[in-house]
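If you're matching them up, the sequences are chains A and B in order.
Letter 128 of the first sequence, counting from 1, is numbered 128 in this note's numbering, and no numbers are missing.
If you count the second sequence from 1, you need to add 231 to reach this note's numbering.
Quick notes on the structure that follows.
Protein chains: 2
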Amino acid sequence: AIVAAIAAKLSDGPLKGRRIVLTSGPTHEPIDPVRYIANRSSGAQGTALARALRDLGAEVVFITGPASVAPPEGVEVVAIETAQEMADAVSAALPADAGVFAAAVADWRVTSASDRKLKKSKDGLPVMEFVENPDILKTVSHLKEGRPGLVVGFAAETNDVVDNATAKRLRKGCDWIVANDVSPATGIMGGSENAVILISDAGAENWPRMDKGAVARRLADRIAEALTDRG
Amino acid sequence: AIVAAIAAKLSDGPLKGRRIVLTSGPTHEPIDPVRYIANRSSGAQGTALARALRDLGAEVVFITGPASVAPPEGVEVVAIETAQEMADAVSAALPADAGVFAAAVADWRVTSASDRKLKKSKDGLPVMEFVENPDILKTVSHLKEGRPGLVVGFAAETNDVVDNATAKRLRKGCDWIVANDVSPATGIMGGSENAVILISDAGAENWPRMDKGAVARRLADRIAEALTDRG
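See the structure below:
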């Protein structure tokens, strides 16, 4: 559902006149009316990026799962819960100059989601069947018509970050992958800082660990440069 | 972990000198470092009850999962994440005059919880094996030594509320069940109001729908009466 649609007071920055679709936050996949599968994304990095893109003058469509931080003002907020709802919202928001997919989308959902609260079964254990969710990043990257000029994915890895993220970039067909290490020891998932590796066709570029707001501003600057270069 | 241990300024009410162990909120059961199974409990009813019991003078040990409302002041807060951690915290907090188990505890956890982020397997679907979590209410109700004089469970039902809750009271061996209908249409799970049925050996007592604070105060009064009657 569209919670707010505000696109006032756009600033006069390098992204003026550019429409950017940005996903953020976790998705929740229902198991039954009371239980769901979630992930530890706070939405902090995506929200900071929305703010940074807005500050450069972009028209931002901010498609967000149930995040623990409030969305910024001056962007069009589309609040969703599940991966399927996020995919539908992205489709509806295109075309755009750039698509930036920072959300931690559930890869799977429970096919057997019940409209009644699951009771313990005879052997005491639930039966859960899964089906793959739509792959938003891959779908948008491979659009024949209306593919955004720049498609950016995120990769939250816990090991072999550069290798996994480089493989992900090729597999998905996106232009950039913003990769980070979300091992619990790093404190990044749900924390205030981020240490990012930007993967592009030029290779892997290590950014120093910094505040998520600083990561967002640097990434927004790079997006502005790329869109300017491409016209 | 114990986040705060504050038991100052206990009031002079009918629960003065009584120690009450109270669980509240959801539990989160990890699937891997970034994913977990959760439930829609906000912790609002349990938090309101902690406040009401404190206001009647009780020493409250408030064992809470990751709730979306802040714990009250003047209670001993023990913050946990999983059902197993909650069970351990309850054990450590006993003996007590009453045990009130308002948390929405996950019935199961994922045995195969991974310390690395799960990747899509060859067929694209995860393999999740479950094991039953400890049954805190049943365990405490059946304690041979140190059973609290009053054991209260909660039952969140989506259908056949009285039948399910009455059966739950007998199955668990507790004294009371505070039952409610959490069907999405009621707006109770995560909302500000509650409509409760109190199940005891005297039968089922329907309370009118009211603010969760009012439910908490009425239940705290009943707990105070019961503890006074039993000496």
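Virtual Cβ for every residue (Gly too), placed ideally from N, Cα, C.
Nearest by alpha-carbon distance to residue i: which of the options is it?
{"i": "Glu360/B", "options": "Ile262/B, Lys350/B, Thr254/B", "result": "Ile262/B"}
{"i": "Gly434/B", "options": "Ala396/B, Leu450/B, Ile419/B", "result": "Ala396/B"}
{"i": "Lys403/B", "options": "Ile419/B, Asp391/B, Val371/B", "result": "Val371/B"}
{"i": "Gly191/A", "options": "Leu198/A, Asp201/A, Met210/A, Val178/A", "result": "Met210/A"}
{"i": "Glu76/A", "options": "Leu53/A, Arg109/A, Thr82/A, Ala87/A", "result": "Leu53/A"}
{"i": "Thr64/A", "options": "Leu219/A, Gly25/A, Asn39/A", "result": "Gly25/A"}
{"i": "Thr23/A", "options": "Phe101/A, Gly17/A, Asn39/A, Arg35/A", "result": "Phe101/A"}
{"i": "Pro148/A", "options": "Val21/A, Lys16/A, Gly13/A", "result": "Val21/A"}
{"i": "Trp366/B", "options": "Ala334/B, Ser345/B, Pro297/B", "result": "A small correction: the amino acid at residue 366/B is Asp; Trp does not occupy that position in the sequence shown. Among Ala334/B, Ser345/B, Pro297/B, the Cα nearest to that of Asp366/B belongs to Ala334/B."}
{"i": "Ala113/A", "options": "Arg19/A, Asn133/A, Arg35/A", "result": "Arg35/A"}
{"i": "Ser183/A", "options": "Leu349/B, Asp460/B, Ile454/B", "result": "Leu349/B"}
{"i": "Glu424/B", "options": "Pro245/B, Asn270/B, Ala279/B, Val392/B", "result": "Ala279/B"}
{"i": "Phe62/A", "options": "Gly13/A, Arg222/A, Ala87/A, Ala214/A", "result": "Ala87/A"}
{"i": "Val392/B", "options": "Ala324/B, Ala426/B, His373/B", "result": "Ala426/B"}
{"i": "Leu368/B", "options": "Ser273/B, Ser322/B, Arg448/B, Pro303/B", "result": "Ser322/B"}
{"i": "Gly277/B", "options": "Ala324/B, Thr342/B, Ser431/B, Gly330/B", "result": "Gly330/B"}
{"i": "Leu246/B", "options": "Asp460/B, Gly288/B, Val382/B", "result": "Gly288/B"}
{"i": "Gly466/B", "options": "Asp406/B, Ala387/B, Asp432/B", "result": "Because chain B in this structure spans residues 232 to 462, residue 466/B falls outside the shown range and cannot be described."}
{"i": "Asp452/B", "options": "Ala281/B, Ser299/B, Val309/B, Leu374/B", "result": "Ala281/B"}
{"i": "Ser42/A", "options": "Arg19/A, Asp175/A, Asp55/A, Pro66/A", "result": "Pro66/A"}
Per DSSP, residue i is paired with what?
{"i": "Asn390/B", "result": "Paired residues: none, contrary to the question."}
{"i": "Gly404/B", "result": "Its beta-bridge partners do not exist; DSSP assigns none."}
{"i": "Gly244/B", "result": "In the DSSP output, where bridge partners are listed per residue, Gly244/B has none listed."}
{"i": "Leu198/A", "result": "Val178/A, Glu205/A"}
{"i": "Pro30/A", "result": "Tyr36/A"}
{"i": "Leu356/B", "result": "DSSP output for Leu356/B lists no bridge partner at all."}
{"i": "Leu381/B", "result": "Ala329/B"}
What are the start and end residues of the beta strand (DSSP E) that includes residue i?
{"i": "Val60/A", "result": "59-64"}
{"i": "Leu22/A", "result": "19-24"}
{"i": "Gly99/A", "result": "98-101"}
{"i": "Gly191/A", "result": "Looking at the DSSP string, Gly191/A is not in any beta strand (DSSP E), and its letter there is neither H nor E."}
{"i": "Arg282/B", "result": "No beta strand (DSSP E) holds Arg282/B; the alpha helix (DSSP H) holding it covers 275-286."}
{"i": "Glu76/A", "result": "76-79"}
{"i": "Glu363/B", "result": "361-363"}
{"i": "Glu205/A", "result": "203-206"}
Just to confirm the assignment, what range does the alpha helix (DSSP H) spanning residue i have?
{"i": "Ala416/B", "result": "Run containing Ala416/B: none; DSSP gives neither H nor E here."}
{"i": "Arg271/B", "result": "Unbroken run through Arg271/B: none, as it is neither H nor E."}
{"i": "Gly213/A", "result": "212-229"}
{"i": "Val300/B", "result": "Element bounds for Val300/B: n/a, residue is neither H nor E."}
{"i": "Ala89/A", "result": "83-93"}
{"i": "Val105/A", "result": "Premise fails: Val105/A is in no alpha helix (DSSP H) and is neither H nor E."}
{"i": "Val371/B", "result": "367-372"}
Taking all protein chains shown into account, do 16 or more other C-beta atoms lie within 10 angstroms of the C-beta of residue i, making it buried, or fewer, making it exposed?
{"i": "Asp412/B", "result": "buried"}
{"i": "His259/B", "result": "buried"}
{"i": "Glu456/B", "result": "exposed"}
{"i": "Glu376/B", "result": "exposed"}
{"i": "Pro326/B", "result": "exposed"}
{"i": "Ala70/A", "result": "exposed"}
{"i": "Leu198/A", "result": "buried"}
{"i": "Glu205/A", "result": "exposed"}
{"i": "Lys212/A", "result": "buried"}
{"i": "Ala106/A", "result": "buried"}
{"i": "Gly384/B", "result": "buried"}
{"i": "Leu170/A", "result": "exposed"}
{"i": "Ala1/A", "result": "Only weak support is given to the placement of Ala1/A: the predicted model assigns it a pLDDT of 37, under 50, and the value that follows is read from those uncertain coordinates. Exposed, because fewer than 16 other Cβ atoms sit within 10 Å of the Cβ of Ala1/A."}
{"i": "Arg116/A", "result": "exposed"}
{"i": "Lys399/B", "result": "buried"}
{"i": "Gly17/A", "result": "exposed"}
{"i": "Asp97/A", "result": "buried"}
{"i": "Leu227/A", "result": "buried"}
{"i": "Asp12/A", "result": "exposed"}
{"i": "Val3/A", "result": "Because Val3/A carries a pLDDT of 41, less than 50, the predicted location of this residue cannot be relied on, and no value is offered for it."}
{"i": "Val131/A", "result": "exposed"}
{"i": "Arg340/B", "result": "buried"}
{"i": "Pro126/A", "result": "buried"}
{"i": "Pro208/A", "result": "exposed"}
{"i": "Glu290/B", "result": "buried"}
{"i": "Lys9/A", "result": "The predicted model places Lys9/A with a pLDDT of 49, which falls under 50 and marks its position as unreliable; any figure quoted below should be read in that light. Classification of Lys9/A: exposed, given that the 10 Å Cβ count is below 16."}
Fill in: Residues of the region 174-185 of chain A whose Cβ lies closer than 7 Å to any Cβ of chain B, in chain order
Those residues of the region 174-185 of chain A that come within reach of chain B (Cβ to Cβ, closer than 7 Å) are Val182, Ser183, Pro184.
Worksheet item: Which residues, taken in chain order from the region 336-366 of chain B, show a beta carbon closer than 7 Å to some beta carbon of chain A?
Response: Within the region 336-366 of chain B, the residues whose Cβ lies closer than 7 Å to some Cβ of chain A are Asp338, Trp339, Arg347, Lys348, Lys351, Gly355, Leu356, Pro357, Met359, Phe361, Glu363, listed in chain order.
Worksheet entry | Residues within the region 420-448 of chain B neighbouring chain A, beta-carbon criterion of under 7 Å | Cβ proximity to chain A below 7 Å picks out Met420 from the region 420-448 of chain B.
Practice prompt. Identify each residue in the region 37-61 of chain A for which the Cβ-Cβ distance to at least one residue of chain B is less than 7 Å, and report them in chain order.
Written response: Answer set for the region 37-61 of chain A: Ile37, Ala38, Asn39, Arg40.
Practice prompt. Could you please tell me which residues of the region 374-387 of chain B, in chain order, have their CB closer than 8 Å to any CB of chain A?
Written response: Of all residues in the region 374-387 of chain B, Ala387 have a Cβ within less than 8 Å of some Cβ in chain A.
Discussion item. Taking beta-carbon pairs under 8 Å, can you tell me which members of the region 67-87 of chain A lie near chain B?
Written reply: Of all residues in the region 67-87 of chain A, none has a Cβ within less than 8 Å of some Cβ in chain B.
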